[in-house]
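Residue numbers for the sequence shown, in the numbering used here: 1 to 360. Glycine included, C-beta positions come from ideal geometry on N, C-alpha and C. Worksheet: one structure, shown below.
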Amino acid sequence: MTAQDLKEKLSEDDIRTLLTDHMGAIISYEDDDMWISNTVCHHGSKQKLYYYKESQSFHCYTECGQLDVIGVVMGFKGYEQEEFHKAINWICVKLNLDNCEYGFGKQEQISDWEFIRKYKRNTKKEVENKPLVPYDKSILNIFQKLYTQEWINEGISIETMEKYNIMYSTWQQKIIIPHFDVNNQLIGVRGRSLIDEDIELFGKYTPFKVGRRFYNHSLGQNLFGLNHNMKAIQEKRKIMLVEAEKSVFQTDTMFGEYNFTVALCGSNLTDYQRGMILMLGVREVIIALDKQFENVNSEECRKWAKHIKEKIIDKLSPYVIVTVLWDTNGLLGYKDSPTDRGKETLLQLMDNKIYVGTND
């Protein structure tokens, strides 16, 4: 029996039991298509871990991205990539799957290393070979061309919102953010809630749902804003990576056609996104993630720096020059994006960016 066999063997109730009984997850919302819980995959408290019932897959909309149940367990237990077999063992033990034919039963070791290598190859191939399926753009006709004063106050012009097809859903009170690929095909629709109760329950950003259909996509298979900013990126031979779509809008308002910013829609760089970046022929990648620390001398700051190094810098430094925008002078507030405090602050951060270089 392979790891895929194990996943197919697990029922929805099994997966629910793993999360709620053994990982302490709290499911705050559920319907026929999905449920939402806190992000136990990295011991977070936000209700932004989505489980999609039809595909039996998870998506963490804060840090981890797309996951299967084994990946969620690995994050919860703190297992490294090469220790994924321990996650499989843990699932078997917790669900009393004594008759699983893995060759290791309830032990913490596994001798079938060929099985491990095969699992890794199959998992990688499965992710790479799943192209995004475009949606019909006519779905955008149900929304209104209304622009919130909140975003205007945060440095996003109406011209930019029109350029990026930002709209508004009056019945759900959400800002609508369409996602397009580099060929301007609609690949997803995200909603930014303006209702405090919804934000508390589900987070600010969620895939938009019409009827029984979610207009979601794998965020790690796109770079938001590349369809508009590819020309500037290739001309300047540099690209700036931010976390959220809103930062792309802010830099568009600041720099217009000279904007070389794209959003990861998270704080991790996937292998797919790295491939997209390298194909653009850039020489420099500027990392401009949110400020997830209050004091530069704190453990929180050290952990955030370690996260950026492992999840982004190490993936890019063998190929390009990497620089990081790192606020050491108190220019930003806690959890601010480098773009949140205006053009002058952003330029000051860029003037003092940390040079990482290349790692041969």
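Item, Value
"Using DSSP with H/G/I as helix, E/B as strand and the rest coil, what is glycine 203?", "coil"
"In whole angstroms, give me the CA-to-CA distance for serine 157 and threonine 17.", "47 Å"
"In three-state DSSP terms, what is glutamine 173?", "coil"
"Applying the 10 Å Cβ sphere with the 16-neighbour rule, what's the burial state of tyrosine 258?", "exposed"
"If you reduce the DSSP assignment to three classes, tell me which class tryptophan 326 lands in.", "coil"
"Report the rounded CA-to-CA distance for glutamate 300 versus glutamine 292, giving the unit in angstroms.", "8 Å"
"With a cut-off of 8 Å on the beta carbons, I'd call cysteine 41 and glycine 75 a contact; round off their distance for me.", "4 Å"
"For leucine 332, which three-state DSSP category applies?", "coil"
"For isoleucine 308, which residues from the same chain have a beta carbon less than 8 Å from its beta carbon, with the 5 sequence-adjacent residues on both sides left out?", "Ser267, Ile287, Leu289 and Val324"
"Within 10 Å of its beta-carbon, does glutamate 246 have 16 or more other beta-carbons around it, so buried, or fewer, so exposed?", "Per the sequence presented here, residue 246 reads as lysine, with glutamate not at that position. With 16 or more Cβ atoms within 10 Å of its Cβ, lysine 246 is classed as buried."
"Three or more C-beta pairs under 8 Å: does that hold for the segment 222-240 against the segment 181-190?", "yes"
"If the criterion is Cβ atoms closer than 9 Å, does the pair tyrosine 168 and phenylalanine 202 meet it?", "no"
"Using three-state DSSP, classify isoleucine 413 as helix, strand or coil.", "Given that the chain is displayed from residue 1 to residue 360, the structure contains no residue 413 and the question cannot be resolved."
"Taking the CB atoms as reference points, tell me whether glycine 44 and glutamate 63 lie closer together than 9 Å.", "yes"
"Could you give the distance in angstroms between the alpha-carbon of histidine 228 and the alpha-carbon of isoleucine 88?", "43 Å"
"Following the continuous alpha helix (DSSP H) through isoleucine 70, name the residue where it begins and the one where it ends.", "69-77"
"Determine the DSSP secondary structure at leucine 97, reduced to helix, strand or coil.", "coil"
"Enumerate, from N- to C-terminal direction, the unbroken alpha helix (DSSP H) stretches of 4 or more residues contained entirely within the segment 197-256.", "226-236 and 245-255"
"Which partner residues of glutamine 370 appear in the DSSP bridge assignment?", "As displayed, the chain neither begins before 1 nor continues past 360, which places residue 370 out of reach and without an answer."
"Taking only the alpha-carbon atoms, compute the straight-line gap between glycine 342 and tyrosine 164 and give it to the nearest angstrom.", "20 Å"
"With DSSP collapsed to three states, give me the class of glutamate 284.", "strand"
"Tell me which same chain residues have a C-beta within less than 6 Å of the C-beta of arginine 274, skipping the five on either side of it?", "Lys315"
"Assign histidine 59 to one of three DSSP states: helix, strand, or coil.", "strand"
"Threonine 270 and glycine 71 - do their beta-carbons sit closer together than 9 Å?", "no"
"Counting along the chain, where does the alpha helix (DSSP H) carrying alanine 25 start and finish?", "Note, alanine 25: premise wrong, no alpha helix (DSSP H); not H, not E."
"Which same chain residues, not among the five before or five after leucine 67, have their C-beta less than 8 Å away from its C-beta?", "Cys41, Ser57, Phe58, His59, Cys60 and Gly75"
"Please confirm if glutamate 80 has its CB atom under 9 Å from at least one CB of chain C.", "Going by chain labels, chain C is absent from the structure shown, which holds only one protein chain."
"With DSSP run on the structure shown, which of helix, strand or coil describes serine 37?", "strand"
"Please state whether the Cβ-Cβ distance between lysine 209 and serine 193 is less than 9 Å.", "no"
"With a Cβ-Cβ cutoff of 9 Å, do alanine 232 and serine 337 count as a contact?", "no"
"Using 8 Å for Cβ pairs, my map puts glutamate 284 next to tyrosine 334. What's the rounded Cβ distance?", "About 28 Å; that fails the 8 Å criterion."
"Pull the bridge partners of tyrosine 51 from the DSSP assignment, please.", "Trp35 and Phe58"
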